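Undergrad: Each residue of the sequence shown is one higher than the one before, counting from 289 in this note's numbering.
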Amino acid sequence: MIRTPLTRWFDLTTPIIGAPMAGVAGGALARAVSLGGGLGMIGVSGTATAGFVTEQCAIAAESELPFGVGLMVWVLDDRPDLLEATIAAAPSLVSVSFGNPAPYVGPLHDAGIAVAAQVNTTDDIRRAEEAAVDVIVVQGTEAGGHTGRRAMLPLLQEAVTLTDRPVVAAGGIATGRGMAGALVAGAAGVWIGTPLLSSPEALNSPAARARVRAAGGDGTVLTRAFDVAQRLAWPERWPGRALANEFSRTWHGREEDLSHDLISSRRVAEALRTGDLEHAPVYAGESVGLLVTERSATDVVRELDAEAEKALRAAARLVGS
Ligand SMILES: Cc1cc2nc3c(=O)[nH]c(=O)nc-3n(C[C@H](O)[C@H](O)[C@H](O)COP(=O)(O)O)c2cc1C
């Protein structure tokens, strides 16, 4: 069994957190991750209602195991109802990412809820530390969904030298060897999103899951095009990593033109409604090429844990006596 400060804190059997993924990670996915011994999280988008939060948390809570909720700072500033609904649902962990977490740490701590924040730069690490964030999640540019521009491994090594708080690695981890590598580099756990994109408990469509399984590791793009098309208020420093498709091939790098192109905006809105995956975003990280079968999130977590334990034992044998 792998034991770290993270497993001890949340009473987990493996130091794996299922990433909060808006549109993909609802209560059923979070519950499945927690049943595998990790900590499953629910992703809350900018258009989610407080009712969605309450409903999905009730599903996750059925397992009577720890679960978490992932909120976005730039959304919360105008949506205090999402924070209130989250606190009322009493998750074990809440992440406040993509913005300054400081204003939200106090209210969550007052409710007895631990706080995580994804960080993408050295300054972000310092800001999270100063804000008394409990779990600092280093999110590399390899990650699926919205992310920064720095690679995970150098940022992880910096984080563990800058803070004594538990640091969790996010971005590109999809095998036991990868997980073991992050733990050896100093992480107290791993935060996985892309490996859960083909699980039947997810909220994404069967067609999106099939597309993810067919995609190769070279097939992602880090782009603002989908946000610009949807007129979303995502801050520019966090573009999104998605599978390249016809829309991104046409508009990535031409976001200024796109911001005036109403027809293309309507096309993306329509694609999101109809499930046209050549024009709607399918967010996925660089590890997507390793995802080839549809598997329960519980099995994904259990297998990752077992393989990581094997890899850690093998790594120890590299050292001569
Ligand atoms: C489809 C998708 C949606 C995401 N949505 C969110 C979100 O709502 N909130 C959040 O904090 N992170 C979100 N992320 C980022 C994840 O929390 C995490 O950083 C990332 O998945 C880890 O890297 P990996 O995809 O390589 O495993 C999302 C990622 C994906 C793939």
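For each residue, glycine too, the CB sits at the ideal point set by N, CA and C. Predicted, not measured: the structure shown is a model, and the values here were computed from it.
(1) Could you tell me if the beta carbon of Y571 falls within a distance shorter than 7 Å of some heavy atom in ligand 1?
(2) So the candidates are T538, T562, A503; which of them puts its Cα closest to the Cα of V576?
(3) Would a C-beta distance cut-off of 8 Å place S493 and A517 closer than the cut-off?
(4) If we count Cβ pairs, one from each stretch, closer than 8 Å, do we get three or more for the region 576–585 versus the region 316–327?
(5) Kindly give me the distance between the Cβ atoms of R367 and N408, rounded to whole angstroms, as I take these residues to be in contact under 8 Å.
(6) Could you pull the start and end residues of the beta strand (DSSP E) that L359 belongs to?
(7) Of all the options E446, R453, W479, G460, which has the alpha carbon lying nearest to the alpha carbon of A473?
(8) In this structure, how does DSSP classify V556 when only helix, strand and coil are distinguished?
(9) For M289, count the other beta carbons within 10 Å of its own beta carbon; 16 or more makes it buried, fewer makes it exposed. Which is it?
(10) How about T459 and T429: are their beta carbons less than 8 Å apart?
(11) By Cβ distance, which residues of its chain are closer than 6 Å to L510, with the 5 residues on each side in sequence left out?
(12) Which stretch, first to last residue, makes up the beta strand (DSSP E) that contains I330?
(13) Taking 8 Å as the threshold (C-beta atoms), are G356 and T482 in contact?
(14) For W522, is the beta carbon positioned less than 7 Å from some heavy atom of ligand 1?
(15) Using a threshold of 8 Å, state whether the C-beta atoms of V456 and V423 are closer than that.
(16) Would you report the Cα separation of G436 and V607, rounded to the nearest angstrom?
(17) With distance defined between alpha-carbon atoms, name the residue in L450, G433, L396 nearest to R243.
(18) Measure the beta-carbon distance from G358 to G331 and round it to whole angstroms, keeping in mind my assumption that it falls under 8 Å.
(19) I need the DSSP call for S575, collapsed to helix, strand or coil.
(20) Considering only the beta carbon of each residue, do L371 and P389 sit closer than 8 Å?
(21) Please list, in chain order, all residues of the same chain as E417 whose beta carbon is under 8 Å from its beta carbon, the five residues on each side excluded.
(22) Of all the alpha helix (DSSP H) runs that stay within the bounds of the region 366–418, which reach a length of 4 or more residues?
(23) Taking 7 Å as the cut-off, does the CB of A310 come closer than this to any heavy atom belonging to ligand 1?
(24) Shorter than 7 Å, the distance from the beta carbon of L491 to the closest heavy atom of ligand 1, or not?
(25) Leaving out five residues on either side along the sequence, give the residues of the same chain with a beta carbon under 6 Å from the beta carbon of I401.
(26) Check whether the Cβ atoms of L403 and V426 lie closer than 8 Å to each other.
(27) Report buried or exposed for S412, applying the criterion of at least 16 other Cβ atoms within 10 angstroms of its Cβ.
(28) For A496, tell me which candidate among L485, L444, G505 has the shortest Cα-Cα distance.
(29) Are the CB atoms of S351 and E380 within a distance shorter than 8 Å?
(30) Thinking T302 and G326 are a contact (beta carbons under 8 Å), I'd like their distance in whole angstroms, please.
TA: Reading off the structure:
(1) One-based indexing of the sequence shown puts residue 571 at position 283. Yes, Cβ of Y571 sits closer than 7 Å to a heavy atom of ligand 1.
(2) On the sequence shown, residue 576 is found 288 positions in, with the first residue counted as 1. Ranking T538, T562, A503 by Cα distance to V576 puts A503 first.
(3) Here the question's residue 493 lines up with position 205 in the sequence shown. Here the question's residue 517 lines up with position 229 in the sequence shown. Contact flag unset, no.
(4) yes
(5) Here residue 367 is taken as the residue at index 79 of the sequence shown, counted from 1. Here residue 408 is taken as the residue at index 120 of the sequence shown, counted from 1. About 22 Å; that fails the 8 Å criterion.
(6) On the sequence shown, position 71 is the one that residue 359 refers to. Looking at the DSSP string, the run of the beta strand (DSSP E) that includes L359 is 355–360.
(7) Translated into the one-based positions of the sequence shown, residue 473 becomes position 185. Ranking the options by Cα distance to A473, first place goes to E446.
(8) By 1-based counting over the sequence shown, the position of residue 556 is 268. In the structure shown, V556 sits in a helix (DSSP, three-state: H, G or I).
(9) In the sequence shown, residue 289 corresponds to position 1, counting from 1. Exposed.
(10) Counting from one through the sequence shown, the residue named residue 459 turns up at place 171. Counting from one through the sequence shown, the residue named residue 429 turns up at place 141. Checking the sequence, you will find Gly at residue 459 rather than Thr. Closer than 8 Å, so yes.
(11) Sequence index remark: in the sequence shown, residue 510 carries index 222 (1-based). So the list reads P527, R529, once near-sequence residues are dropped.
(12) Position 42 of the sequence shown, counting from 1, holds the residue named residue 330. Looking at the DSSP string, the run of the beta strand (DSSP E) that includes I330 is 327–331.
(13) For the purposes of this step, residue 482 is identified with residue 194 of the sequence shown, where counting begins at 1. For the purposes of this step, residue 356 is identified with residue 68 of the sequence shown, where counting begins at 1. Cβ atoms of T482 and G356: not closer than 8 Å.
(14) Here the question's residue 522 lines up with position 234 in the sequence shown. Not under cutoff, so the answer is no.
(15) Counting from one through the sequence shown, the residue named residue 456 turns up at place 168. Counting from one through the sequence shown, the residue named residue 423 turns up at place 135. Yes, Cβ-Cβ distance for V456 and V423 is below 8 Å.
(16) The count along the sequence shown starts at 1 and reaches residue 436 at position 148. The count along the sequence shown starts at 1 and reaches residue 607 at position 319. Taking the straight line joining both Cα atoms gives about 35 Å.
(17) Outside the shown range of the chain, which is 289 to 609, sits residue 243, and nothing can be said about it.
(18) Here the question's residue 358 lines up with position 70 in the sequence shown. Here the question's residue 331 lines up with position 43 in the sequence shown. Right, their Cβ atoms sit about 5 Å apart.
(19) One-based indexing of the sequence shown puts residue 575 at position 287. In this structure, S575 counts as helix in the three-state DSSP scheme.
(20) Taking the sequence shown and counting its residues from 1, the one referred to as residue 371 is at position 83. Taking the sequence shown and counting its residues from 1, the one referred to as residue 389 is at position 101. Result no, Cβ atoms of L371 and P389 do not sit closer than 8 Å.
(21) On the sequence shown, position 129 is the one that residue 417 refers to. Closer than 8 Å at Cβ, skipping near neighbours: I424, L450, T451, R453.
(22) Listed in chain order, they are 368–377, 390–398, 410–418.
(23) Counted from its first residue, the sequence shown places residue 310 at position 22. The answer is yes for A310.
(24) Indexing the sequence shown from 1 puts residue 491 at position 203. False, no ligand heavy atom lies under 7 Å from that Cβ.
(25) The residue labelled residue 401 in the question sits at position 113 within the sequence shown. Contacts found: V382.
(26) Position 115 of the sequence shown holds residue 403. Position 138 of the sequence shown holds residue 426. Contrary to the premise, residue 403 reads as Val rather than Leu in this sequence. For V403 and V426, no; Cβs fall outside 8 Å.
(27) Numbered from 1 along the sequence shown, position 124 holds the residue referred to as residue 412. The amino acid at residue 412 is misidentified as Ser; the sequence shows Asp. So D412 counts as buried.
(28) Within the sequence shown, the letter at position 208 stands for residue 496. Taking the Cα of A496 as reference, the smallest distance to any Cα among L485, L444, G505 is reached at L485.
(29) Position 92 of the sequence shown holds residue 380. Position 63 of the sequence shown holds residue 351. First, the residue type needs correcting, since residue 380 is Ser and not Glu in the sequence shown. The answer is no: Cβ separation not under 8 Å.
(30) Taking the sequence shown and counting its residues from 1, one reaches residue 302 at position 14. Taking the sequence shown and counting its residues from 1, one reaches residue 326 at position 38. Right, the Cβ-Cβ distance comes to about 5 Å (below 8 Å), so this counts as a contact.
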